[in-house]
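Written out below as structure tokens is the structure these notes cover.
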Amino acid sequence: MEDNIELVAQWLRQSTMTVAFTGAGISTESGIPDFRSPGGVWAKYQPVYFDSFLSDADARLEYWRQKAEAHTEIARAEANDAHRVLAKWEANGHLHGVISQNIDGLHQLAGSHRVLELHGTARQVKCLDCGMIYEADQLVDEFRRSGSVPLCAECGGRLKHATISFGQSLPEEVLSEATAWCEGCQLLLAMGSSLQVTPAANLPPLAKQTGARVVIINRDTTALDEMADVVIRGSLARILVKIDDRMTG
Ligand code: NAD
Ligand code: ZN
260 MEDNIELVAQ
270 WLRQSTMTVA
280 FTGAGISTES
290 GIPDFRSPGG
300 VWAKYQPVYF
310 DSFLSDADAR
320 LEYWRQKAEA
330 HTEIARAEAN
340 DAHRVLAKWE
350 ANGHLHGVIS
360 QNIDGLHQLA
370 GSHRVLELHG
380 TARQVKCLDC
390 GMIYEADQLV
400 DEFRRSGSVP
410 LCAECGGRLK
420 HATISFGQSL
430 PEEVLSEATA
440 WCEGCQLLLA
450 MGSSLQVTPA
460 ANLPPLAKQT
470 GARVVIINRD
480 TTALDEMADV
490 VIRGSLARIL
500 VKIDDRMTG
């Protein structure tokens, strides 16, 4: 493992364009359970599909109930060392940016500026009818107080968290920018993702096909370990701090 850490540090120093690709595993050390953890909010409930959200007021109520519960976890979470190391690498020119599947906003909280959120953000709420954006905090509080689904103050339309639900397509501009990053990078670090959720999980293979080295850092095996140049297993926060030590030491 130490050899691989040294090797990745060396690749990072050499690469003129490195991209990070992150999933739920980068935020577990901030107290947000990943997709497969027993007891996690995502595991406890039946997800509300986008079609039902659009057509059914009961589904909208169930959606808001689930999101209000998940909100507490996200709102009180703090960035961890893994998020911080990536922000530092962006600031000192070692990292082009982060493509994240996460909706928790912790990369930005740690100081990353160039972040592509493939699945949107739970920190905002968007009106599906007029596009108005609101801070989630305020509307979740309102929902908790009233027990009824808030409506858009501008147009009376349907308000939904600015995240991508099952059955909803990914934002075209974000996906095409992420695709361009993957095609242009020399090194892609895929971290904290089981690499099973497509189309997001198609991005690391795309980077590989277009000539990049791919490094996977994850606690468990992933669907794409076979195609990686190096796989490092363990806690992301610990591993990224170790790689960073080799960058500066
Ligand atoms: P996933 O749950 O499928 O996989 C997470 C991976 O991270 C696992 O393979 C696990 O071994 C690894 N992991 C967990 N903690 C780790 C740690 N401390 N160090 C290293 N590895 C660790 O997650 P995914 O691939 O991101 O897919 C889940 C989907 O659910 C995504 O689409 C995402 O949008 C959503 N989701 C987001 C959040 C969030 O925003 N924090 C949380 C849960 C789910
Ligand atoms: Zn509206």
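Following the numbering used here, the numbering of the sequence shown begins with 260 at its first residue and continues without gaps. Positions of the beta carbon are idealized from the N, C-alpha and C atoms, including for glycine.
Could you check what DSSP says for residue i in three-state terms: helix, strand or coil?
i, result
"L368", "helix"
"V278", "strand"
"G284", "helix"
"T469", "coil"
"G443", "helix"
"L429", "coil"
"S435", "helix"
Let's see if you can read the secondary structure: which residues bound the alpha helix (DSSP H) around residue i?
i, result
"T380", "Where T380 is concerned, there is no enclosing alpha helix (DSSP H), although the beta strand (DSSP E) it sits in stretches over 379-386."
"T319", "It is worth fixing the name first, because residue 319 is Arg in this sequence and not Thr. Looking at the DSSP string, the run of the alpha helix (DSSP H) that includes R319 is 316-335."
"N263", "261-273"
"L495", "495-507"
"L345", "340-350"
"E401", "395-405"
Apart from the five residues just before and just after residue i, which ones in its own chain have a Cβ nearer than 6 angstroms to its Cβ?
i, result
"L499", "A341, V344"
"I333", "D363, A381"
"A449", "F280, P463, I475"
"A268", "I502, R505, M506"
"I358", "F280, L375, A437"
Pull the bridge partners of residue i from the DSSP assignment, please.
i, result
"R417", "L410"
"L448", "A279, V474"
"V490", "I475"
If you drop the 5 nearest sequence neighbours on each side, which residues of the same chain put their C-beta closer than 7 angstroms to that of residue i?
i, result
"C444", "M276, T277, V278, H355, A466, A471"
"E321", "V307"
Which value, in whole angstroms, describes the spacing of the CA atoms of residue i and residue j?
i, j, result
"F425", "Q360", "14 angstroms"
"L387", "G416", "7 angstroms"
"L454", "F294", "12 angstroms"
Which first and last residues belong to the beta strand (DSSP E) in which residue i is found?
i, result
"L354", "Looking at the DSSP string, L354 is not in any beta strand (DSSP E), and its letter there is neither H nor E."
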